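Novice:
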Amino acid sequence: MFKNLVRVGLLSAVVLATFTSCEDEQQFTNEKLDAKRVEVQVLNDELAKVRDYVPLYAVIAHRGSTFWAPEETEASWRWAREMGADYLESDVQCTKDGIVLANHDENLKRTTNIENVFSENVPASRVDFYMSLGFSRADAEAQYGRDMAAFRPFYTLSYYYAELLMLDAGSWFNESSLEQARPTFKATENGRFEDGKIVYSNGLYISAIQDQIAYAQGKRLVRDANGRRILTYKVKDEYQGMTLEQIYNAIKAKGEYNAKYMDFIEYDFANAYEADPEDTGNRPGIYVEFKESWLNPGNMEQRVYDALAECGWNIITNDPGDQPFYKNGKVNVGNTRGRVILQTFSFDALRRANDVFKGRIPMCYLLWISEPAYATDIAYDTPTGYAAFIKWAQDNGAHIIGPAISGAPNNYPEMNAPWQAYMIRRAGMINHPYSFDSWAQMCKYMGYYNYGWETEFDDLLRLEIPATPYCTSSYPNSVPVYMDGFFTNRTEMSLRYMIENGFRGNPALPNPFHAGQKYDNSQANVTVPDAVATLERLGY
Amino acid sequence: MKKYILMPFLAVFALTAAAQDFDTDPTLELENAEKEVKFTVGARMMADAAYYHSDFTPLQSGASITDARIRTSMTYKDWYFYADFGFGGGKFSQKNIFLQYSHLDNNDNTHAVKVGYYNDPAGSMARNTSLGSYHFISRPGSSYALGEGRELGISYKYNSDRFMAYQGVFTENHYNKIDAGFNGITVAGRYLFRPLVDDYQTLHVGVSARFAHLGGGEVYNNVLKKSLHLGQSLETLVDEDEQFVSADLDWANNVVNVGAEALYHNNKFFARGEFLYKHVTKKRDSYSLYIDAQNNIDGWGDIEWWENANKLKNNNFIGGYVEAGFQILGNGYRYNKQEGLLGGMDGKSLELVARYNYTGLNNLTDGEYYNAGRGHYYANGYMEDWPGTGATSVGGGDIHSVTVGLNYAFNRYVLCMLDYTWHKLDKPFLPNDKNFHVAQARVQFTF
């Protein structure tokens, strides 16, 4: 018995010694540690070269502004340009006649008065509209029937661009943002069909991508004496002399992507803009988001490619060469190879954009999470899942990751925690989180709250920011920085933060993508105009 | 007269004593020869300690009372009642409970009819073997992932020296606790042939087959949705996490199990192995689900489109293991002919054991793309927004496991076991988890 007890004791001692001698290791899933050890695909040299087309610490005016003016309109984008934003951001969809236009939502109900102007049917003026283009009534009525079959109320794809110019894209803002409401945001006359032609409204419009580029170039819309924009249109030359039925069949024969669209009208964008008298010289780029793939034709990315090329903004067809991001205190991004950044949440759009642009224009892959996961969401927001999405993004020509950030007023899910920013940096990709509304968010993601404190991610994220004459402190700023640029609804606030903390107007910023190299943005704008005064100066 | 009554009683008891989850005789026995009744009480306790080392996802090392059981039985003439109840993990659980009628024919062959809750005959040789008699700390993973456990039903078993035929009809849930549907039905059988059998050695080869029609499920969009879960732990009971090797098969309808097994032992050596195959068919009321999906403007077009985006595929999985042991000292390995199973360590003994196990729960479709951030496969080789993925792959995990062990029995009641297992995993959802090392020890007390 005693021997047995001794044996049990010895055995237990061996087992105990075996277990207790094991090294002290991670005993639970820890994202902070996993972010360092999970395998992350690194951007290849070709993509890294395009990545460097994008200015560091870019201030991206989210939809122009969602706070100060009606989003994605002439007012919000002119304002953002004049405030000194680096990019004017937009969401693009397609009209029935193939115009690439800016609209965030899947339909036009929130940001226009479409429910008041059109019913839930094909616009009653559609037959007259066709006849105004020279088609017979019978032909027009037959086409109206075909239009009805493909009609989806209030979706951009159901309307001709000329019809959408009958809408007021500003009055809704006055109703929803009472403190920022301005009489000039509201049209005084709605659009209508009159005397055999479409009469546009006279306020703010749904914007075409050509409009957005024009604002970035320091222009504004040409308007008539009643305040209506001047944009003429005609049947494209290739369809002249054909009936609508013949046009319909000809377009349909071009392939499935065109079947629902009647891309036969040509708009005279060349004469739709004039120099903006209030332009002070900033030349921001544009940051274009492909929306839900199922809302738009399968060749939407090609259409954007073509639209950019027509405007001279496609760097693949029109390389501007090496140009500085800033000149003489003005934004010059719109004249550089980084003038256009593309973005999307959509798997399909990302893949198709890669087919078209082949990674030669900066592309941002946006991240979102929800429960249950929506069709394009990341479902497992773990280091492993994050790494899988980073790989997917790079394999499909993306250079930038765009994660959601938390905080009021949007209260989005946090997808840019330090460990996530660290993984993006490990991948050699730019981090453009969205979207900023407060100084507190700026502090949080620019590392202010970690000032002076060591963090787990200092090896890649901590930067020593030399002080500039524009900083509020004369000491260097040592912070872990959790982004490389950002979407903001408050351009004025964000610019001020960047300037006062040494991220803008600095000749010797460390370049996190090229160790030992400096990044010079000393020529950037270092004063921020007053937001309200700027709106008033622009005539709003 | 009493003598004539008592002899068949003892013979039947010898047949029935092993028909339970313990294969050792209970120590406490109450016998009333006059009323021809025998009552037994026994118990078992297993305490395990385990240390895990993984490449990435941690497991919870530590110690646990992995099994604590009380067993009772009563024998009356040809009738045998058995029940045991578990308290392991701090929770009460129903284990075996059954009534068996046995009959010894003129050729000394046995015929037994059993009704109650007990192991499915085709559940695998490993699952039919009591864990208390197993020569490893855990049964092979494939027997959990692809085998079956206890079911409620009735069976008939024929046993001779050369043959065993054991078949029955069962139902899937012994408490009938299902949200919707009915309790399902299973027919299963295990058939052994023993070309070699004597007092010192046995060779048996066998096949098993099982067909189950799943009946129970949940109501999903007004449609009965039946699912099947397959999974195993890393052959350990301290952390029974099944995330590394598991698959949930929605819309499962019928399940077919086919197994092949072989076992050989002599006094000093044993070797046994099984091959396990599982086929799962799927069925779904697509039309009702399609109609339910027509709830917004981004609907599904026609049902053909919907079905193409939500394909169903029947699944096939395989697994198996081989085990071997060498007894350094002891009374030799013994074979339980009534159960067609190898017995446990009997009295003071020392043995070395080794095992290789393979479990394959990856049933992939060529050309499909997997993204660990989505946890989905995509049919066309890349991620797509909508509509659905159209993919049919199952990525439950493929695992190869090698175990070596040392077991020492102080006596017939007290046993110590040491196992080391190396697992090699291939699971798309856990791309960073490749290697696992598991060191385990057990102290077991049975009476």
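Taken in order, these protein sequences are the chains called A and B. Just so we're aligned, residue 1 is where the first sequence starts under this note's numbering, counting upward by one. Just so we're aligned, residue 541 is where the second sequence starts under this note's numbering, counting upward by one. No residue lacks a Cβ here, since even glycine has one placed at the ideal position from N, Cα and C. Just so we're clear, the structure is a prediction, and the values are computed from it rather than from any experiment.
(1) Given that Ile378(A) touches chain B, what residues does it touch there, using C-beta distances under 8 Å?
(2) Check whether the region 321-331 of chain A touches the region 370-381 of chain A, taking contact to mean three or more Cβ pairs, one atom from each stretch, closer than 8 Å.
(3) Check whether the region 736-747 of chain B touches the region 885-904 of chain B, counting contact only when three or more Cβ pairs, one atom from each stretch, lie closer than 8 Å.
(4) Express the C-alpha separation of Asp168(A) and Gly359(A) in angstroms, rounding to a whole number.
(5) The beta strand (DSSP E) with Ser478(A) in it runs from where to where?
(6) Out of curiosity, what's the CA-to-CA distance linking Glu274(A) and Asn282(A)?
(7) Looking at C-alpha atoms only, which residue of Ile499(A), Ser494(A) and Ala162(A) is the closest neighbour of Asn521(A)?
(8) Compile a chain-ordered list of the residues in the region 378-395 of chain A whose CB is closer than 7 Å to at least one CB of chain B.
(9) From Asn920(B) to Ala849(B), what does the alpha carbon distance come to, in whole angstroms?
(10) Check whether chain A comes within 8 Å of Thr597(B), counting only Cβ atoms and requiring the distance to be less than that.
(11) Identify the continuous beta strand (DSSP E) that holds Cys567(A) and give its terminal residues.
(12) At 4 residues or longer, what runs of the alpha helix (DSSP H) sit wholly inside the region 161-206 of chain A?
(13) Any contact of the region 44-63 of chain A with the region 76-91 of chain A, i.e. 3+ C-beta pairs under 8 Å?
(14) Is the beta carbon of Met242(A) sitting closer than 8 Å to the one on Ile198(A)?
(15) Between the Cα of Ala75(A) and the Cα atoms of Thr29(A), Asp279(A) and Cys94(A), which residue gives the shortest distance?
(16) Ignore the nearest five residues each way along the sequence and tell me which others in Ile213(A)'s own chain have a CB closer than 7 Å to its CB.
(17) Between Tyr591(B) and the rest of its own chain, which residues show a CB-CB distance below 7 Å, the 5 nearest in sequence each way excluded?
(18) Residues of chain B with a CB under 9 Å from the CB of Glu39(A): which are they?
(19) Within this structure, are the beta carbons of Gly539(A) and Thr184(A) separated by less than 8 Å?
(20) Excluding the five sequence neighbours on either side, which residues of its own chain have a C-beta within less than 6 Å of the C-beta of His916(B), listed in chain order?
(21) Measuring straight from C-alpha to C-alpha, what distance separates Arg690(B) and Met665(B)?
(22) Which same chain residues, not among the five before or five after His963(B), have their C-beta less than 6 Å away from its C-beta?
(23) Can you tell me which residues form a DSSP beta bridge with Ser642(B)?
(24) Let me see if you follow: with CB-CB separation under 8 Å, is Trp962(B) close to chain A or not?
(25) Along chain B, in chain order, which residues have C-beta atoms closer than 7 Å to that of Asp348(A)?
(26) At a CB-CB cut-off below 8 Å, which residues of chain B make contact with Ser293(A)?
(27) Based on Cα-Cα distance, which residue from Pro476(A), Val38(A), Gly218(A) and Asn299(A) lies nearest to Lys254(A)?
(28) Determine the closest residue to Ala792(B) out of Leu732(B), Gln772(B) and Ala752(B), with distance taken between C-alpha atoms.
(29) Can you check whether the C-beta of Ala417(A) is within less than 8 Å of a C-beta belonging to chain B?
(30) Using the DSSP secondary-structure output, state which residues sit across from Gly859(B) in a beta bridge.
(31) Could you tell me which chain B residues have their CB closer than 9 Å to the CB of Arg303(A), listed as they occur along the chain?
(32) Among the residues of its own chain, which have a CB less than 6 Å from the CB of Glu120(A), if the five just before and after it don't count?
(33) Under a Cβ-count criterion, where at least 16 other Cβ atoms within 10 Å of its own Cβ denotes burial, should Val759(B) be classed as buried or exposed?
(34) Apply the 10 Å Cβ neighbour rule to Glu194(A) and answer buried if 16 or more other Cβ atoms are within range, or exposed otherwise.
(35) Have a look at Phe436(A) and Lys444(A) and give me their C-alpha separation to the nearest angstrom.
(36) Classify Pro576(A) as helix, strand or coil using the three-state DSSP reduction.
Specialist: Result, derived from the coordinates:
(1) Gly913 and Arg914
(2) The answer is no - the region 370-381 of chain A does not touch the region 321-331 of chain A, with fewer than three Cβ pairs under 8 Å.
(3) no
(4) 37 Å
(5) Asn477 to Pro480
(6) 16 Å
(7) Ile499(A)
(8) Ile378, Ala379, Tyr380, Thr384, Gly385, Tyr386, Ala388, Phe389 and Trp392
(9) One C-alpha to the other measures close to 11 Å.
(10) yes
(11) In the structure as shown, chain A starts at 1 and stops at 540, and residue 567(A) therefore has no counterpart that could be examined.
(12) Correct list: 161-164 and 171-176.
(13) yes
(14) no
(15) Ranking the options by Cα distance to Ala75(A), first place goes to Asp279(A).
(16) Answer for Ile213(A): Ile286, Cys311 and Trp313, listed in chain order.
(17) Ser601 and Ala979
(18) Pro971 and Asn972
(19) yes
(20) Thr929
(21) 13 Å
(22) Leu774, Ile939, Ser941 and Phe976
(23) Partner(s): Ala652(B).
(24) no
(25) Glu924 and Asp925
(26) What Ser293(A) touches in chain B: Asp925 and Trp926.
(27) Asn299(A)
(28) For Ala792(B), the nearest C-alpha among the options comes from Ala752(B).
(29) no
(30) Within the DSSP bridge table, the entry for Gly859(B) names Leu816(B) and Thr899(B) as partners.
(31) Chain B residues near Arg303(A): none, gap ~18 Å exceeds 9 Å.
(32) Excluding positions up to five away in sequence, the list reads Pro153.
(33) When all chains shown are included, Val759(B) counts as exposed.
(34) exposed
(35) 11 Å
(36) Since the first residue shown for chain A is 1 and the last is 540, residue 576(A) is missing from the structure and cannot be characterised.
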